[in-house]
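Numbering (full-length UniProt numbering), first residue to last: 1 to 372. Where is the CB? At the ideal position from N, CA and C, for every residue including glycine. For clarity, every value in this text was computed on a predicted model and none was experimentally measured. Taking it in order: structure first as structure tokens, then the write-up.
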């Protein structure tokens, strides 16, 4: 098949999954064409059957804002005609599903559109009255629609008037990359031999509740000698730095900023903290499980579909820092319990979220759409 993929080529989960899916499809012999404003950062090595088509918005003076949406739709149509794409798989309902619909109208019905909903396009933008109708339109005009969790499917049905069936296809990890790695060479740079390492990775937006990470860690370190590593940047960064100072744990907290390749950092950790108030899937929890690292976090959104409560991690109500701290201390203080959770996480990642299994589901979906 000849597959177009449009995503946000950034550090967010949707861009990561879209890029990794494209790589898996290329490994299976399909032609893959990424159509977006920048090279996806996880594309990595050269693939002879992966192509990148840049989208440039016209900055004509009459436009108050460069019309990226129209430029993207036009570029999609150009690539579809030039390479005779079978389908375009877009990640995020707006603007990508709308752009793909316009491209299909320009080139003809032979071009199919698959839309994947990742979360904030529904849980945040879907609540905006100015966008709700166009999000519905983009989803309903798609030839197939997937969502990354059952939780997101329920939220979509509750918020929007959706006529298309929604297929749940989970996110995944490439276990050739995310697996328990030997990090003995770098661990001494972050912690003493007797100390544990807690990890948080996010875009530091409010919904990630990074201050709860700091508060949880402060309680944990009173009982368990430990360090906290935070990866990412965003609006809550300054507040988090200040809170670490106020709680007098700044010397035990390491802010690493954005990192492109985090598999070794995940393997470095003893525990992942994920206290989000909204999380349609929780890709970082899956990445941690695949590395044998348990998660302590919240019950928000799709996290319970990823983390097996009492089996691969512990989940508490959003904002319950005391409970999360108790769970973290329990895991870090009980070696037998920790080993059970770690091994169960490795097995769960292999059984439910293996990249090859998820790629099979998408490949079947693509085939059904193309043949319809």
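Which runs of the alpha helix (DSSP H) at least 4 residues long sit entirely within the stretch 255-339? Give them in chain order. 263-268, 283-290, 303-306 and 321-333
Determine the DSSP secondary structure at residue 27, reduced to helix, strand or coil. Along the chain shown, read from residue 1 onward, the residue named residue 27 stands at position 27. Note: residue 27 maps to helix in three-state DSSP.
Ordered list of alpha helix (DSSP H) runs contained in the stretch 105-167, each at least 4 residues: 120-123, 129-140 and 150-159
Relative to the C-alpha of residue 255, which residue among 61, 267, 236 and 271 is closest? Here residue 255 is taken as the residue at index 255 of the chain shown, counted from 1. With distances taken between Cα atoms, residue 255 lies closest to 236.
Assuming residue 296 and residue 313 make a contact with CB atoms under 8 Å, what is their CB distance in whole Å? Here residue 296 is taken as the residue at index 296 of the chain shown, counted from 1. Here residue 313 is taken as the residue at index 313 of the chain shown, counted from 1. Indeed, because the Cβ distance is near 6 Å, the residues count as touching under 8 Å.
Determine the burial state of residue 60: buried for a count of at least 16 other Cβ atoms within 10 Å of its Cβ, exposed for fewer. One-based indexing of the chain shown puts residue 60 at position 60. Exposed: under 16 other Cβ atoms inside 10 Å.
Below 8 Å CB to CB, which residues in the same chain sit around residue 243 once its five sequence neighbours on both sides are set aside? As a first step, residue 243 is located in the chain shown; it is residue number 243 there, counting from the start. Excluding sequence neighbours, residue 243 sits near 211, 214 and 215.
Would you call the stretch 45-53 and the stretch 14-33 in contact, with 3 or more CB pairs under 8 Å? yes
Range of the contiguous beta strand (DSSP E) that encloses residue 87: By one-based count along the chain shown, residue 87 stands at place 87. Where residue 87 is concerned, the enclosing beta strand (DSSP E) stretches over 87-91.
Which residue comes first and which comes last in the alpha helix (DSSP H) that contains residue 241? Your numbering for residue 241 matches position 241 in the chain shown. Segment 237-246, the alpha helix (DSSP H) holding residue 241.
Backbone CA spacing between residue 140 and residue 156 [nearest angstrom]: One-based indexing of the chain shown puts residue 140 at position 140. One-based indexing of the chain shown puts residue 156 at position 156. Near 12 Å, if we compare the C-alpha coordinates of residue 156 and residue 140.
Around the Cβ of residue 217, are there at least 16 other Cβ atoms within 10 angstroms (buried) or fewer (exposed)? One-based indexing of the chain shown puts residue 217 at position 217. Buried.
Give the single residue among 161, 309 and 52 whose Cα lies nearest to the Cα of residue 26. Mapped onto the chain shown, residue 26 falls at position 26. Comparing Cα-Cα distances from residue 26 to each of 161, 309 and 52, the minimum goes to 52.
Under 8 Å, with one C-beta from each stretch per pair, do the stretch 128-143 and the stretch 250-270 reach the 3-pair mark? no
Can you check whether the CB of residue 285 is closer than 7 Å to the CB of residue 306? Here residue 306 refers to the residue found at position 306 when the chain shown is read from its first residue. Here residue 285 refers to the residue found at position 285 when the chain shown is read from its first residue. Result yes, Cβ atoms of residue 306 and residue 285 sit closer than 7 Å.
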